[in-house]
Each structure stands twice: as structure tokens, then as C-alpha cells.
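Here's the structure, in C-alpha cells; my notes come after.
Residue numbers (the numbering used here), protein chains in the order written: chain A, 20 to 420; chain E, 20 to 420.
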């Protein structure tokens, strides 16, 4: 029975050309912005210069912090925080993909945080102390994938000498004040990155769809609507990156896939993401590629425990007829179709395709341990439907070989 | 092509039993609450006493303003505002149906408003001056219908000596801080009121679905999801008011039907609501009943201009086969089914059933004029797809006879 609290105060400014508004938007929150970027694609595309131009025109001065890596590290966050403090920045802009936006959120909170920021991150299912305050955060996504622009979560990799862990934080002070979402910025995203984004979007939705409570028919329909739309428009964005209508639809999907609207009240968990995070932490596998490998395997495992839900997925997403089939066969047919879709847009769906090299049983066991180091319930299981013991995580990984 | 701004900062606390949290919630915003209620049903049901108990336990003192009428009048709002000022209330709680919540929002804004509050309301498509500030607003819906609990709109009837007009206001300062939504409070809603609520919810969604821009596939799916869910659970709530699961699903639907998630980016208008408001303003027709009459007639008119969209409605909502049919026939079949649904839950679908008495052509003409007095575009038409000239509004009303 649904019982929940929902809150998302991020203002969303969406549409081709909206980058122009960045300066005006930011000037409402501060006079000196830390402008956080990633590996340089925003400079190549010219978006960076346009952003800086818009900021300067609005009398916002800019302190640049570039070079946030994929799977952003806490040490990077801490360096950027030092810069923000030294320069007395009063607003943080994250312009880039999920890594950049996530790092920006944690930078904005770390500025005020007493103690080591690792204590605000989830470790073994617990958080020492959440931040109570953050500088105003403005997000400018350049990739349609994580949905980080309009939610209060961030994925960060702890890279201390004593601890290496890809983990996360989710707390209200991290909500961006404004997300300036300009789908034109995604035109230059390469084909394969676009495909990984599509996979990430769909996986955000399937996590809630398969791991949430029963009795959420509206959320089910919302989830199906996002998946169907992404499966229609995603391949168009992959095959022709300059198709602005496709870019718009995919970017809009990426936002609603993780701004809370689809998962609201479902009390969901995200076991596929948790398992994948271990892979990308250890091998710098692109997140979307890792998800494409783990999700179908996880689905085949989980379908045994909730076949009727996976049967619904098969029917409503792929229109597969239920005639003469039991739920589990129908479920498996749907999962096969889903895996085919992922392959059709160029995603890998097997561990062997991730460039990790030879994979041993010991490695699977280690990955399961690392996953549970981030999050586990009181019985030591990874939350989800069903909650997963270590051996079951290993079984899923084996199914992905 | 989608280009829009979205913002909805209302915190939603949803679930059976959540009324208990009211005091704690309100105490975060004020110490002395104006508690606005309607005709007394909250007293009969005991909800009022429980609310007051929760407020007192949280050291919030209560100033009662009861008796907000259906189709709430500006004069009532002004009396309540005087009371709020005199008593120095610092927070406004609207506990009741849409009328009560809408009145509460406008009371909260009128407290700070310089000049006559009629100037903040829409007249002939224009607003003199929107309010810039409002007391914190907390909503506690006791009916699943308007969705007012989580949006920034309010429908108010101007009842000056010189002017009588059912009109509205929509502006960000009217967003409730918190909506405390307890579906248990709707258990006592009578059958017919429940049915009207169901009609209101569906109509909120169809307005966006039929009057929005093209190229919003996710919003289409969201809209269809809400309609399908309400058509499944609404009749259950109507036939057995104590079915809490049905009450929950219908109430949740009522919120998402008008909190902006379904209509976001569609740039929609609401011609059916605008025409209906005239009827309920003049004859105190229940809003949901009026909608049930106007909507099918409007749909039959509008389908000629956008048959493919109404054909989609027929297929996706009712699963009607398109085989061998042109879009318009398919559309009309869907509208017939929709009208049958409304009748099946006890709604009227003809003007003659509204208790207005004999209806003349002069009356239809007057109603069209009154509707355009509230809102019209630069060419004097009622916004929608298609925009409606006076004669077309009359034609629609004639089709509803």
C-alpha cells in the first residue's frame, strides 16, 4: 500500500537553445561561479565558451575546474572544493555528464561540511552524517543518461589509500536549484555513448519497475511509457546524432527516468546499479555498458521470483502475446527481446565484452563482496526483489558471462 | 518541439494515516494557523477534530474559518483574509475539497496583496497584477478530484456587485509548502461525489492530451496511464467507498493528473474546464457533473480537427481495433466508449440532466459569452485545439443537449 513522501524543488528549463539562459539563471543565485567540467568535450563543442559568455554577460564571474573523470573520485571533489573555498565561489555549475554533475553536487555540499566528506557517503548500508547545507547548484547536462540534473543523488568513488569504493549519496540539499537542459548540447555525443545513455535511462526505470512494491499501477504505466518511448527514439538518436527531435525525446526521458516521478512511492532499490558500480569502479567500464551486461542477467534471475511482473513487461513493452504461455516463459521471452534491443543499438550484453580480460570465479566472488560493502540490509543482503545473498550475486554475474 | 519551464516545490506526504503528521508539518511553518474548511463534512467525519488535535499537540494554535462554499467566492476569501490578518495567522491550512484548498491559496496571497484581490485573477485573458508573496499554505484534501493540493492554481468566483465571473489564478507563490494527503479521509465521500471526482481527474488529463502540442510521446503515455488507472480503480471507489486501496489509487491519480507531471511541456489549454466553469458559476452545477456533460461534446467537435489523436485515445485507452476504420470513425467509437464509462459510474452526460431547466439558444449564447469573458486569445477565441469562436462554443453546447 502506497505511503511515501515526495519532494523535488529543482526548476527545470528545458529546450533547444536554453543554454543561452544560463547566465541569467545563475545570477539569481550568486556572483562567482565554480564552473565544473569533465574531460574537455564541452570545450571542443564550443558549449563551454557559450556558457562562459552567457555568464559574463550576466556579470557572473567564473572559476574553472575542469577534468572531472568518469566515475568521479572523492579526491577530485576535494580538490575542487578547496578551489571553491579559496576563490569564495557562491554557486556551483556542473556542466557535463553524470560524473560532472554528481561531483558538482558533492563539491557544493563539501564546502560547508565539517570533517571528511567520505562520512557523507553510503558505506555498508550506512551513512555517518549527511550534509545539512550546500552552495546553490546549477546543472547543465551534455549527455542524456543519468538524470542527475534533476535529482538529489550523486555517485562518487572513494579513492583513499585505505579505501576504494564506488558509492553514493542521496539527500535533499543536493537538489539543483535549476537544471538548464539544452538537448542541442547532446548533438555531438558519439554513437556508442548515446547508446550507453539509452541503456542507463531504461535501467533507471526497470530498477523501480521490478524492485518496487506491488500496487502502483500509475507508476507502472509511467515506467512503461518511458521505456517504450526510449526504445522508439533511442535508436534514432544513435543512428543519427544530429536528429534533434530524437535528442529531445531521449533527453526528456533521461530526466523523468530518475527525477522521482516514475519511482515515487514504489520504495524501490537498484541492485543492478549496485552490481554494475563495482565493475565500473574496478575496471573503468562505462556505466551504461556495464548495465547492459548486468541487467539482462539480473532480470533472468529475478524473474523466477516475480514472473507475473516480468510477464507484464513482456506484454506491455513488446506486445508479446501471452497465449498458451506461463508467466515465466513469457517473462523470459520479454527479457530476450530486451537483450536483443540492447545489442541492436550496439551495447555489449556479456561480461566478456567489457575488456576486463579473463574472468575467474574468484573475481566474481570479489565483485560480490565489493558490492555488499556499499549497501546491504540487516541480513547482509543486497536490497531488491529478491534481496540478494553474496552467492546469488555471483550466480547473476555468472549468468552474464 | 518541447521547450518549457517546470517547477513544483510542494512536498507531498501521501498515505493512509498521514493526517497524524499535520501538526508536526505545520509547526515547521508557523505557530498560528488559519484552518479553512467547507460545509461541515470534515466535522461530521471526525477529521476536523483529529486535525486540531494534531495541531495542538504540536503547539500550533488554530483559528477556524469554516463555510467555504463550492465554487468559492472572492467575498468569502476576503472575509477569511480579514480574519487571518486580525488574528495574525502565519500559516494557512486548507482542509477540504478543491474549493477549500483554492480559497486557502488565495487567502494566503491576499493577506499581503495591496489593492483589490480581483486584480490577481484572470479576466478576458489578462491579469492586472499577480501576487508576489503568500503565507505558507498547507493542503489537506478530503476528496480525490481537483489535484489542487499539489499545484499552484486556484479557481475563484468573483461575486462583486458589478461583476460575476468564475475565473482563476495560477502563480508560483500559491504552491502549497506541503500537501498532507490521507486517502482515509475520502472514505466518507458519497458515491456521486466520488464519481464526479473521477470525471474531474480524467478531464484534467484529457485537456492536456487533446489540447497540447504534438511530439510529446512520454506525456501521452503518462496521460494514458492515469486515465486507464482511473477507469480501473474509479468504479471500485464508487461502488465501495470503503475500499481503501481504490481510494488510494484514485487519490494518487488525482494528484498526478494536475501536479504538472502529465501536462509538462505540452503547452496545453483547458477549454472544457473553461466552458464548464460558466455552468457551475451560473447554476452551482457540481464541477465534475458539468465536465461529464461538456467533455464528450467537446471531444466530438474537436475530433474533426485532430482525428489521429482521438484515434490514438480509442486504441490505447479502450483497445479498440483500428482495422478497416478511418481515424474519425475510430475516434468517435472511443468517445462513445468514454461517454458510456461516465454514465456507468453515474455521471450525467447531457445538459438536460443538470437541473438547469429549459435551455434556450439565448442561454447557450450567453454561456459562450461568459466563457470568453474569462479567457480568450488575441482573436477573441477560447484557447485550445482548435481555438473556439463563440459560435463554435455554442455548437459544442448544442451537441451536449
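Ideal placement from N, C-alpha and C gives every residue a C-beta, glycine not left out.
Owing to the predicted nature of the structure, the values given are computational and were not obtained by experimental measurement.
Judging by CA-CA distance, which residue of the options is the nearest neighbour of residue i?
i             : options                    : result
residue 93/E  : 109/E, 128/E, 260/E        : 128/E
residue 313/A : 49/A, 256/A, 413/A         : 413/A
residue 151/A : 85/A, 164/A, 125/A         : 125/A
residue 118/A : 186/A, 336/A, 149/A        : 186/A
residue 421/E : 349/E, 343/E, 327/E        : Nothing can be reported for residue 421/E, as the shown portion of chain E is limited to 20 through 420.
residue 8/A   : 308/A, 354/A, 334/A        : For chain A, the structure presents residues 20 to 420; residue 8/A sits outside this window and is missing.
residue 415/A : 388/A, 339/A, 383/A, 269/A : 383/A
residue 51/A  : 37/A, 65/A, 84/A           : 84/A
residue 502/A : 76/A, 43/A, 82/A           : Since the displayed chain A opens at 20 and closes at 420, residue 502/A lies outside it and no answer follows.
residue 136/E : 385/E, 106/E, 177/E, 403/E : 177/E
residue 347/A : 274/A, 295/A, 330/A, 356/A : 330/A
residue 123/E : 148/E, 160/E, 149/E, 138/E : 160/E
residue 252/E : 420/E, 233/E, 218/E, 20/E  : 218/E
residue 419/A : 342/A, 401/A, 311/A        : 311/A
residue 286/E : 417/E, 89/E, 131/E, 402/E  : 402/E
residue 89/E  : 306/E, 335/E, 381/E, 351/E : 306/E
residue 266/A : 281/A, 250/A, 280/A        : 250/A
residue 21/E  : 259/A, 264/A, 42/A         : 264/A
residue 191/E : 179/E, 182/E, 155/E        : 155/E
residue 273/E : 140/E, 410/E, 198/E, 407/E : 198/E
residue 115/E : 62/E, 132/E, 105/E         : 62/E
Taking 9 Å as the CB-CB cut-off, is residue i touching chain B?
i            : result
residue 31/E : This model lacks chain B altogether; the protein chains it does include are A and E.
Please state whether the Cβ-Cβ distance between residue i and residue j is less than 9 Å.
i             : j             : result
residue 392/A : residue 143/A : yes
residue 221/A : residue 276/A : yes
residue 345/E : residue 367/E : no
residue 165/E : residue 113/E : no
residue 195/A : residue 169/A : yes
residue 224/A : residue 188/A : no
residue 87/E  : residue 100/E : no
residue 297/E : residue 256/E : no
residue 193/E : residue 153/E : yes
residue 49/A  : residue 79/A  : yes
residue 64/A  : residue 39/A  : no
residue 467/E : residue 53/E  : Nothing in the structure corresponds to residue 467/E, since chain E is present only between 20 and 420.
residue 130/A : residue 216/A : no
residue 279/E : residue 25/E  : yes
residue 341/A : residue 356/A : no
residue 67/A  : residue 284/A : no
residue 121/A : residue 167/A : yes
residue 258/A : residue 210/A : yes
residue 293/E : residue 207/E : no
residue 406/A : residue 398/A : yes
Short-range partners of chain E found in the segment 233-251 of chain A, where Cβ spacing is below 8 Å: 234, 236, 237, 239, 240, 241, 243, 244, 245, 247, 248, 251
With 7 Å as the C-beta to C-beta threshold (strictly closer), list the residues of the segment 197-222 of chain A near chain E in chain order. none
Complete alpha helix (DSSP H) runs within the segment 28-62 of chain A (minimum length 4 residues, chain order): 41-46
Counting Cβ pairs, one atom from each stretch, are 3 or more of them under 8 Å apart for the segment 308-322 of chain A and the segment 214-233 of chain A? yes
Counting only runs of 3+ residues fully inside the segment 231-273 of chain A, write out the beta strand (DSSP E) ranges in chain order. none
So within the segment 71-143 of chain A, which uninterrupted beta strand (DSSP E) runs reach at least 3 residues, ignoring any that extend past its ends? 80-84, 110-115
Quick one: which residues of the segment 316-330 of chain A get their C-beta closer than 9 Å to a C-beta of chain E? List them in chain order. none
Check whether the segment 235-243 of chain E touches the segment 236-245 of chain A, counting contact only when three or more Cβ pairs, one atom from each stretch, lie closer than 8 Å. yes
Evaluate the contact criterion for the segment 20-32 of chain E versus the segment 53-60 of chain E: three or more CB pairs, one atom per stretch, below 8 Å. no
For the structure I just gave you, are there three or more beta carbon pairs, one from the segment 201-215 of chain E and one from the segment 34-41 of chain E, closer than 8 Å? yes
Would you be able to state if there are at least three C-beta pairs under 8 Å between the segment 295-309 of chain E and the segment 369-380 of chain E? yes
Using a Cβ-Cβ cut-off of less than 8 Å, give me the residues of the segment 256-280 of chain A that come near chain E, in sequence order. 263, 264, 267, 268, 271, 272, 275, 280
Unbroken stretches of the beta strand (DSSP E), 3 residues or longer, contained in the segment 170-226 of chain A: 172-178, 183-189, 197-200
Against chain E, which members of the segment 35-52 of chain A pass a CB distance test of less than 9 Å? 35, 36, 37
Taking only runs of the alpha helix (DSSP H) that begin and end inside the segment 275-348 of chain A, which ones reach a length of at least 4 residues, in chain order? 290-302, 306-322, 326-337
Which residues, in order along the segment 326-360 of chain A, keep a beta-carbon less than 9 Å from a beta-carbon of chain E? none
Taking Cβ-Cβ distances below 7 Å as the criterion, which residues of the segment 50-82 of chain A are in contact with chain E? none
Just by C-beta distance, which residues in the segment 116-139 of chain E are closer than 7 Å to chain A? none
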